[in-house]
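Using this note's numbering, the final residue of the sequence shown is 360, and nothing's skipped along the way. We put the CB at the ideal spot given by N, CA and C, even for glycine.
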Amino acid sequence: MTSLGNETPEGHRAGFACFIGRPNVGKSTLMNALVGTKVAITSSRPQTTRRAIRGIVHRPDAQLVVVDTPGLHKPRTLLGERLDSLVRSTLTEVDVIGFCVPADQPVGPGDKYIARELAGVKKTPVVAIVTKTDLAAPEQVAEQLLAVGRLGEFADIVPCSAESGFQVGLVGDLLISHLPEGMPLYPEGDLTDEPEQLLISELIREAALEGVRDELPHSIAVVVDEMAPRAGRDDLVDVYAHLYVERSSQKGIIIGHKGSRLREVGAAARRQIEALLGTKVFLDLRVSVLKDWQRDPKQLRRLGFYD
């Protein structure tokens, strides 16, 4: 492996970690907190992460590449099966696994299911992370740590809160301690290896998910059709994107009364995209129906969810 910088300290560690847990346990929020900026979408809606997104943590002594996976669950659609397969393949390719369990909810069947899956991953150390401690009383956190400890054999068990910053640094320390020694894998300053258009599509989907009914998260896909600086303007980028849903009723929810909801989605997404790109953005959003796209292999490929 070649160095990406001239001076790499002796004992420098570099490698990959992934977060796994049932949907909506704070994996994306924790990755963003470790990286120090937003590289994955977060939502109060479960099952919002669709891809294995990599965030890169740079430290003088280490480079930690965090892979935020979709929540592991028993799939009900072809999309669900592909997401599940993505998680399982990721588990075999990382140096350490962070198993996330929220402090504010009892250990449930989903957590036990994942713990059983992890027990079969023999060669990779697992750090159990009790997330969202800001939402639980100290006694509840203590009880949860004991409950998580009963789920399996873990290299470490640590409580943290990505929202308040409590022990986020310690989570990073523990994950890094399991990485091999080596040169940095990415250049200094890179915070993710996700293409900009993919990040933008995720930011639009995040904005679309806020405040909508539970039926929508699985049903929304976003594709950036075109993105380019406007001719004659070096301070403006035009972004044309499509939101795809499965039914006409969902299209109505996204658009809202006389387009009011879609305008809100556009305004919220544009602010995030401008922060990401560091320039003004013109955002054009269209909504189309692709009937039952989650179950259609051809449509899944078109939307970027490959076999």
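CB of residue i within 9 Å of CB of residue j, strictly
| i | j | result |
| --- | --- | --- |
| V110 | C71 | no |
| V318 | I257 | yes |
| A261 | T82 | no |
| V26 | R300 | This structure cannot speak to residue 26, because the chain is shown only from 54 to 360. |
| L296 | A320 | no |
| P155 | V183 | yes |
| L252 | L315 | no |
| F219 | V290 | no |
| H65 | G285 | no |
| E259 | Q325 | yes |
| V277 | Q250 | yes |
| G108 | K185 | no |
Best match in the options for proximity to residue i [C-alpha to C-alpha]
| i | options | result |
| --- | --- | --- |
| N77 | Q158, L117 and E241 | Q158 |
| S302 | G235, S272 and G79 | S272 |
| F152 | A168, A322 and D291 | A168 |
| A115 | I150, R316 and F69 | F69 |
| V160 | A208, D187 and A181 | A181 |
| G163 | A190, D187, V201 and D291 | V201 |
| S254 | D288, H65, G89 and D337 | D337 |
| P282 | Y239, D345 and G331 | G331 |
| K175 | E327, E146 and A195 | E146 |
| P237 | L117, G89, K80 and E249 | L117 |
| Y166 | G89, A189, G74 and K333 | G74 |
| G89 | R203, S217, A195 and L199 | S217 |
Same chain, Cβ closer than 8 Å to residue i, five either side skipped, listed in chain order
| i | result |
| --- | --- |
| R112 | G225 and I229 |
| V221 | L83, A86, L87, C213, S214 and A215 |
| D287 | none |
| E63 | none |
| K333 | D288, L289, V290 and E327 |
| A195 | none |
Closer than 9 Å to chain C by CB, residue i
| i | result |
| --- | --- |
| Y297 | Absent here is chain C; the protein component of the structure consists of one chain. |
Limits of the beta strand (DSSP E) - the one that residue i falls within
| i | result |
| --- | --- |
| K333 | K333 to V342 |
| G70 | Going by the sequence as given, residue 70 is Ala instead of Gly. Start and end: R66 to I73. |
| Y297 | L289 to V298 |
| E279 | A274 to P282 |
| D209 | D209 to P212 |
| P162 | Where P162 is concerned, there is no enclosing beta strand (DSSP E), although the alpha helix (DSSP H) it sits in stretches over P162 to A172. |
| V154 | V149 to P155 |
Close Cβ partners of residue i (< 7 Å) along its chain, the five nearest in sequence each way excluded
| i | result |
| --- | --- |
| R104 | Because the pLDDT at R104 is just 45, under 50, the model does not fix this residue reliably, and the point stays unresolved. |
| G205 | A168, L171 and A172 |
| H231 | D148, V149, P178 and A208 |
| D345 | E299 |
| P191 | none |
| L188 | A156 and D157 |
| A322 | L256, I257, A260 and L336 |
Range covered by the alpha helix (DSSP H) that runs through residue i
| i | result |
| --- | --- |
| M84 | K80 to V88 |
| P178 | That residue, P178, is in no alpha helix (DSSP H); it is neither H nor E in DSSP. |
| L238 | Neither: L238 is in no alpha helix (DSSP H) and is coded neither H nor E. |
| R203 | That residue, R203, is in no alpha helix (DSSP H); it is neither H nor E in DSSP. |
| A260 | E249 to L262 |
| K304 | S301 to I308 |
| Q325 | S313 to L330 |
| D226 | V221 to S230 |
Same chain, Cβ closer than 6 Å to residue i, neighbours up to 5 away in sequence not counted
| i | result |
| --- | --- |
| E279 | Y293 |
| P233 | G68 |
| E268 | Because E268 sits at a pLDDT of 49, beneath the cut-off of 50, its placement in the model cannot be relied upon, and the following sentence gives the value as read from the coordinates. So no residue of the chain qualifies. |
| Q197 | A156 and V183 |
| Y239 | I109 |
Residue i beta carbon near the ligand HEM (any heavy atom closer than 8 Å)
| i | result |
| --- | --- |
| V276 | This structure lacks the ligand HEM; in fact it carries no ligand of any kind. |
Inspect the CB distances between the segment 306 to 320 and the segment 222 to 233 and report whether three or more fall short of 8 Å. no
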